[in-house]
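Numbering (this note's numbering), first residue to last: 19 to 81. I have placed the structure first, in the form of structure tokens, so that the comments after it can refer back to it.
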Amino acid sequence: MRYFTADGQLVPTPQEAELQQRQAKEQALLEKEQALLEKETERQAKEKLAQKLRELGIDPDTI
19 MRYFTADGQL VPTPQEAELQ QRQAKEQALL EKEQALLEKE TERQAKEKLA
69 QKLRELGIDP DTI
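Laid out in structure tokens, this is it:
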């Protein structure tokens with residue numbers, strides 16, 4: 019037997035609700051990891067640019 023809300027939405031079983039919560043946590047963790055990877059990639063690109071400027075005799079901290 020399945021239950022529905024007054025507006026016709028299916029009420030999840032306890033197992034379904036647990037699965038949905040677990041999937042939401044996993045998704046949040048993946049998004050956090052992705053943000054960290056993007057931040058690290060950006061940091062590496064900035065460092066590479068700064069090194070190139072130094073090779074050209076330009077102090078990246080003064081521009």
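Each residue gets a CB set at the ideal place from its N, CA and C atoms; glycine is no exception. In this text, all values refer to a predicted model and were calculated from it rather than measured experimentally.
List the residues that DSSP assigns as beta-bridge partners of residue i.
{"i": "residue 28", "result": "22"}
What do you reckon, are the CB atoms on residue i and residue j nearer than 7 Å?
{"i": "residue 78", "j": "residue 68", "result": "yes"}
Suppose the cutoff is 8 Å on Cβ atoms and the five residues either side in sequence are ignored; what does the same chain contact list for residue i look like?
{"i": "residue 81", "result": "71"}
{"i": "residue 37", "result": "none"}
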